[in-house]
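In the numbering used here, the protein residues as written are -1 to 165.
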Amino acid sequence: CDESIIYDYMEKEIFSSLSDEEKLFLMKTAILSYFDEEICSRYIPEYNFVHMMRSISEKNLFVIILDEKNKEYRYHAILRDFLLHMVEQRLDKKQELFTKAASTMFELGDYDESVRLFFAIRDYEELMKILMQMPQNVVTFSYMMQVPMEEIAKNPNFAYQYFFCYY
């Protein structure tokens, strides 16, 4: 498989030269579509964001600056795919990591990112709680429509809201 060749190369040539702290920071932030200092200070407060970003930048990793003024970043798709693969392979407690990230994004008002993260781990119980708190509009309704019926049946309040929106 072509992916495994790329993953092996990236692990040997890039990932192996990083500190354990850098590796964990990269994996934990890779699950996010984007990140900045405020997001990281709430989501992974154990890391010094400025120090980590300086260290990563000095190593010329595939980091893209989305917003220079606000210091908002994301990873190039190649690096992000590799890091997500590493998350699956190496990190325990992925569910907790995604839940914390999703909750952080919700608190910061990025409902779309929060919903995306809950869908990624199929945590429909938490997802339905979040959807019930979001502004009721077409976007929220489109998310509701993606929740499996067997999950909706477990939450009477959500089911009521779902069927109200449906009709």
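The beta-carbon is built from N, C-alpha and C at its ideal position, and this holds for glycine as well.
The structure presented is a predicted model; accordingly, all values stated were derived computationally and were not measured.
Residue range of the unbroken alpha helix (DSSP H) whose run includes residue i
i, result
"Glu124", "Tyr122 to Gln131"
"Val136", "Val136 to Met142"
"Phe104", "Lys92 to Glu105"
"Phe116", "Tyr109 to Ala118"
"Ser15", "No alpha helix (DSSP H) holds Ser15; DSSP gives it neither H nor E."
"Ile172", "The chain is shown only over -1 to 165; residue 172 falls outside these bounds and no answer can be derived."
"Ile150", "Met147 to Ile150"
Cβ-Cβ separation, residue j to residue i (assumed contact under 8 angstroms), whole Å
i, j, result
"Phe156", "Met130", "6 angstroms"
"Tyr71", "Asp34", "7 angstroms"
"Ile128", "Phe162", "The Cβ separation is near 18 angstroms, so there is no contact."
"Met132", "Met84", "Going by Cβ atoms, the distance from Met132 to Met84 rounds to 31 angstroms, so no, they are not a contact pair."
"Tyr32", "Ala99", "In fact, because the Cβ distance is near 12 angstroms, the residues do not count as touching under 8 angstroms."
"Tyr45", "Phe60", "Actually they are not in contact, since the Cβ atoms of Tyr45 and Phe60 sit about 19 angstroms apart, beyond 8 angstroms."
"Ala28", "Leu81", "3 angstroms"
"Ile119", "Gln87", "Not confirmed; about 16 angstroms, so no contact."
"Glu111", "Leu30", "7 angstroms"
"Glu20", "Ile54", "7 angstroms"
"Thr102", "Ile3", "About 35 angstroms; that fails the 8 angstroms criterion."
beta-carbon residue i near the ligand ATP non-hydrogen atom, thresh 8 angstroms
i, result
"Arg120", "The ligand ATP is absent from the structure shown, which contains no ligands of any kind."
Helix, strand or coil at residue i [DSSP, three-state]
i, result
"Leu24", "helix"
"Tyr32", "coil"
"Asn155", "helix"
"Glu9", "helix"
"Tyr160", "helix"
"Glu1", "helix"
Residue ranges of each beta strand (DSSP E) within the region 48 to 89, 3 or longer: 61 to 65 and 70 to 73
Validate contact between the region 77 to 84 and the region 142 to 149 using beta carbons, cut 8 angstroms, 3 pairs: no
Three or more C-beta pairs below 8 angstroms linking the region 39 to 50 and the region 112 to 124: no
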